[in-house]
Structures are given as structure tokens and as C-alpha cells.
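Respectively, the protein sequence lines represent chains A and B.
Residue numbers are given in the working numbering: position 25 of the first sequence equals residue 126, and the series is strictly consecutive.
Residue numbers are given in the working numbering: position 8 of the second sequence equals residue 57, and the series is strictly consecutive.
Positions of the beta carbon are idealized from the N, C-alpha and C atoms, including for glycine.
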Amino acid sequence: MPAGTLYRGREGMWSWVAHRVTGVLIFFFLFVHVLDTALVRVSPEAYDEVVATYKTWPVAFLEYGLVAAILFHALNGLRIIAVDFWAKGPRLQKQMLWTVVGIWIVLMVGALYPVLGHAVRDIFGS
Amino acid sequence: MATPTLDKTDKAEAGFADSPFITATFRIRRFNPEVSDEVQWQDFQIEIDPKERVLDALHKIKWEIDGTLTFRRSCAHGICGSDAMRINGKNRLACKTLIKDINPDKPIMVEAIKGLTVLKDLVVDMDPFFQAYHDVMPFLITKGNEPTRERLQSAEERERFDDTTKCILCAACTSSCPVFWNDGQYFGPAAIVNAHRFIFDSRDEGGEQRLEILNDRDGVWRCRTTFNCTDACPRGIEVTKAIQEVKRALITRRF
Numbered sequence: 102m103p104a105g106t107l108y109r110g111r112e113g114m115w116s117w118v119a120h121r122v123t124g125v126l127i128f129f130f131l132f133v134h135v136l137d138t139a140l141v142r143v144s145p146e147a148y149d150e151v152v153a154t155y156k157t158w159p160v161a162f163l164e165y166g167l168v169a170a171i172l173f174h175a176l177n178g179l180r181i182i183a184v185d186f187w188a189k190g191p192r193l194q195k196q197m198l199w200t201v202v203g204i205w206i207v208l209m210v211g212a213l214y215p216v217l218g219h220a221v222r223d224i225f226g227s
Numbered sequence: 050m051a052t053p054t055l056d057k058t059d060k061a062e063a064g065f066a067d068s069p070f071i072t073a074t075f076r077i078r079r080f081n082p083e084v085s086d087e088v089q090w091q092d093f094q095i096e097i098d099p100k101e102r103v104l105d106a107l108h109k110i111k112w113e114i115d116g117t118l119t120f121r122r123s124c125a126h127g128i129c130g131s132d133a134m135r136i137n138g139k140n141r142l143a144c145k146t147l148i149k150d151i152n153p154d155k156p157i158m159v160e161a162i163k164g165l166t167v168l169k170d171l172v173v174d175m176d177p178f179f180q181a182y183h184d185v186m187p188f189l190i191t192k193g194n195e196p197t198r199e200r201l202q203s204a205e206e207r208e209r210f211d212d213t214t215k216c217i218l219c220a221a222c223t224s225s226c227p228v229f230w231n232d233g234q235y236f237g238p239a240a241i242v243n244a245h246r247f248i249f250d251s252r253d254e255g256g257e258q259r260l261e262i263l264n265d266r267d268g269v270w271r272c273r274t275t276f277n278c279t280d281a282c283p284r285g286i287e288v289t290k291a292i293q294e295v296k297r298a299l300i301t302r303r304f
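Here you go:
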């Protein structure tokens, strides 16, 4: 039987969806990260080669996505802890979510140059 | 209601065209296992006053257009908790939702609540829901001899669990919970709310037993604080807060 329409949840539900999605993405990153680090035991040359591809600009954009996922997951994780352990948490969950999003935007703007600076130089030449 | 009705007649007699009625489309998710295993959406166009409720529209459809439309309702005034359904994607009581409040310009989507087996049209099998409710022992548990007079309680002690006494067991919260959709074994918000009502009651002595039940794999720890239950509750119970209080009670009672 088809499930019907999408449930129209509000901030709480969508922040939970985003938390899940970012969590799974971070897991996949960790998986790749363990593999590439383990490569150094296979052969240091192969490791260097792989890490060299990480320095190219498409990977820089993926890194920026990784920063986005980790920052959201970390900040929203603090919000969930507050919801569960702070008496006023459930009542202030929406305000806390917008605070999380606000801090996230500020940090994402701050991460623009450190993470994407070399990618821009790669694309447009320095 | 007497005055607007009189107004209406006066206007009609005076030849005024502005009737309060609008044409609204109700898109209802139909399912009848006796006819077909397929679910289908059916549109009903009706003339209705937008100040009426979705339940009135369902009545109009059932009584005047299609008598096979099946839904539960009993008191029709937000007390019995029979007519929880998903209206425009959100769980609400049909008897407490005014048509004007849910944008009648677009088709109004009406479907059964999620996570429970649909038996026919908007009627679901509520047995798993009530089983979870029974499992938390929603009744006063005391030890020792029965007192000869009433069990006294201060206003503050009563206030402690006031919010969770309002539950009407409509299942709007439990069937709005993504965790419950995925795993019907989860006790669900409604059962936890009713456990909370006794856990924090100063007269009750079964709190420890109830906490033990909710400490289970399918108990309060499955809650992911999506707040769908709090948003869906037609009685305005802060459901997620109640669940959180049970979680905290589970942590603090041991240390």
C-alpha cells in the first residue's frame, strides 16, 4: 500500500532529518578516511598519490560540504542534548534551532577562505 | 448559531448574492479491501461554509454524496478522540479543524493516520496503540491498606502532572512520530504521556515499575525529539517535554 503524502512536520522533524542525513554523510567520510589512511601501510607512494588528488579543487568543494555536515551535526547535537537534559530545552527547541542555524551560517562563511581559497586559485589561477 | 442563520435568510430574501458558502474540494484517500487492494484518492466537491469544520464536510459527503465513506467520530467536539486523521499532511482532529484555517482554495487532503494498519478509508486498527497504553499500567497503583478517606494532594503536586492529564487517546501524537512509523514496537508518545501522568502523581506508588517498563529497548530512549507529537496534539500537551521528563527521571533515580 503506498504510504500516502509526506508528513508535514515542522522545524523539529526537518532538523531531525538533516541530523540523520549529515550523520550518514559523516560516516561515509570516516569510512573513506580510514581507507586512505590505511593505504600508507600498503605503500607510501600510493598514499601520496591519493592524498594528492585530495588537493584538487573538486575535492575542496566536497571538503566544504564535509565542513557543513560536521558543523550542523555538532551544533544540532548540542541542541538535542539540551532538549533532553535541560528542563527548558523542549520549550525553547525552535529558538535553539535558529541559533544553531545562525552559528552554522557564520562558521560556514568563516570557512569559505580557509577551505575553498586554494580551489579558487586552482580554477582561476593565482 | 442563531444569528448568522437569520442573517442568511434576510440576505437571501433581499436578493443579496454574497452567500457564506464556498466550493471546496476534499481529496480523500480511499481504501476498501472488499473491493480492491489498491488505495486511491477521490475528489469530492461540496458547497460548504468555511467556518464549518472538516468533520462537517465529511458528514456532508457521507450523508449526501457517498455513503460508503468510512471514518470514526463520536462526540464530534474534541473530547472523545475518535476522529484523528491526516488533514493536509498533518495529524489533527477533524472536529477541531475549521475549513477556513486550512486554505480551502486548494484541494484539502484527508487521509488516515500513519503507522497503524488502515482497515477502511480513514479507519485504522487502533489495537497496537491501546496495547501500548495498557502496557504502561495507566491506573493508580498503591501499597498497603486502603485509606478510609481520600488521598490528599497539594495544588503543587497536582500541577506537576496536570499537562498529561489532558490526553484523549486520539493517537494524533503516536501516529505523527517517525520512529513509530518505522517500528510499531515503540511505545509511542501517547503511552509515555499516560505513564508520565502516574509517574509524577504523588499518590501513585507504581512509578518505579512504569519507569522500568519505559527503560526498555522500545521505551523512551527511542524518542528522537522530532517534536511532531507536540505539534500534532489537539489538546496542546507538551508531549516531547513529558517524554524528556521521563528520560530524566530514569537517569536521576539511580544516581
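Asked: Report yes if the CB atom of residue 228 of chain B is closer than 7 Å to the CB atom of residue 288 of chain B, and no otherwise.; Found: no
Asked: Counting only beta-carbon atoms, is residue 243 of chain B nearer than 7 Å to chain A?; Found: no
Asked: If the criterion is Cβ atoms closer than 7 Å, does the pair residue 240 of chain B and residue 185 of chain B meet it?; Found: yes
Asked: Tell me where the alpha helix (DSSP H) around residue 135 of chain B begins and ends.; Found: Where residue 135 of chain B is concerned, there is no enclosing alpha helix (DSSP H), although the beta strand (DSSP E) it sits in stretches over 133-136.
Asked: With distances taken from CA atoms, which of B:286, B:276, B:295 is nearest residue 111 of chain A?; Found: B:276
Asked: Report, in whole angstroms, the separation of the C-beta atoms of residue 178 of chain B and residue 165 of chain B, which I expect to be a contact under 8 Å.; Found: 6 Å
Asked: Of all the CB atoms in chain B, is at least one closer than 7 Å to the CB of residue 197 of chain A?; Found: no
Asked: Which same chain residues end up closer than 8 Å to residue 124 of chain A when comparing Cβ atoms and leaving out the 5 residues on each side of it in sequence?; Found: 174
Asked: Compare the beta carbon distance of residue 146 of chain B and residue 136 of chain B with 7 Å and say whether it is the shorter of the two.; Found: yes
Asked: Decide if the stretch 180-190 of chain A is in contact with the stretch 289-298 of chain B; the criterion is three or more beta carbon pairs, one per stretch, under 8 Å apart.; Found: yes
Asked: Got a sec, what are the start and stop residues for the alpha helix (DSSP H) residue 109 of chain B sits in?; Found: 103-109
Asked: Cα separation between residue 223 of chain A and residue 286 of chain B?; Found: 56 Å
Asked: What does a CB cutoff of less than 7 Å around residue 116 of chain A pick up in its chain, not counting 5 residues either side in sequence?; Found: 177, 198
Asked: Name the chain A residues that come within less than 9 Å of residue 297 of chain B, Cβ to Cβ?; Found: 185, 186, 188
Asked: Beta carbons nearer than 7 Å to chain B: which residues of the stretch 118-135 of chain A have them?; Found: none
Asked: Between which two residues does the beta strand (DSSP E) harbouring residue 73 of chain B extend?; Found: 71-79
Asked: When you compare only the Cα positions, how much space is there between residue 244 of chain B and residue 86 of chain B?; Found: 37 Å
Asked: Strictly under 7 Å for the Cβ-Cβ distance: is residue 158 of chain B near chain A by that measure?; Found: yes
Asked: Per DSSP, what are the beta-bridge partners of residue 169 of chain B in this structure?; Found: B:172
Asked: Evaluate contact between the stretch 249-257 of chain B and the stretch 202-218 of chain B, counting only Cβ atoms and requiring at least three cross-stretch pairs below 8 Å.; Found: yes
Asked: Could you tell me the alpha carbon to alpha carbon distance between residue 130 of chain A and residue 167 of chain A, rounded to whole angstroms?; Found: 8 Å
Asked: For the candidate residues A:182, A:180, A:162, A:210, whose alpha-carbon lies nearest to that of residue 221 of chain A?; Found: A:162
Asked: Give me the DSSP bridge partner(s) of residue 96 of chain B.; Found: B:72
Asked: What are the residues of the stretch 214-225 of chain B that lie near chain A, defined by any Cβ-Cβ distance shorter than 8 Å?; Found: 225
Asked: Alpha carbon to alpha carbon, what distance is there between residue 272 of chain B and residue 144 of chain B?; Found: 29 Å
Asked: For the beta strand (DSSP E) containing residue 157 of chain B, name the first residue and the last one.; Found: 157-160
Asked: Identify the continuous alpha helix (DSSP H) that holds residue 243 of chain B and give its terminal residues.; Found: 238-248
Asked: What is the DSSP secondary structure of residue 91 of chain B, reduced to helix, strand or coil?; Found: strand
Asked: Taking 7 Å as the cut-off, decide whether the C-beta atoms of residue 214 of chain B and residue 237 of chain B are in contact.; Found: no
Asked: State the beta-bridge partners of residue 139 of chain B as determined by DSSP.; Found: B:136
Asked: With DSSP as the reference, label residue 64 of chain B as helix, strand or coil.; Found: Here residue 64 of chain B scores only 49 on pLDDT, less than 50, and its place in the model is too uncertain to base an answer on.
Asked: From what residue to what residue does the alpha helix (DSSP H) around residue 301 of chain B run?; Found: 288-301
Asked: Is it right to say residue 302 of chain B is buried, meaning 16 or more other beta carbons lie within 10 angstroms of its own, or is it exposed?; Found: exposed
Asked: To the nearest angstrom, report how far apart residue 151 of chain B and residue 181 of chain B are at their CA atoms.; Found: 32 Å
Asked: Spell out whether any CB of chain A is found under 7 Å from the CB atom of residue 231 of chain B.; Found: no
Asked: Are the beta-carbon atoms belonging to residue 133 of chain B and residue 162 of chain B less than 7 Å from one another?; Found: yes
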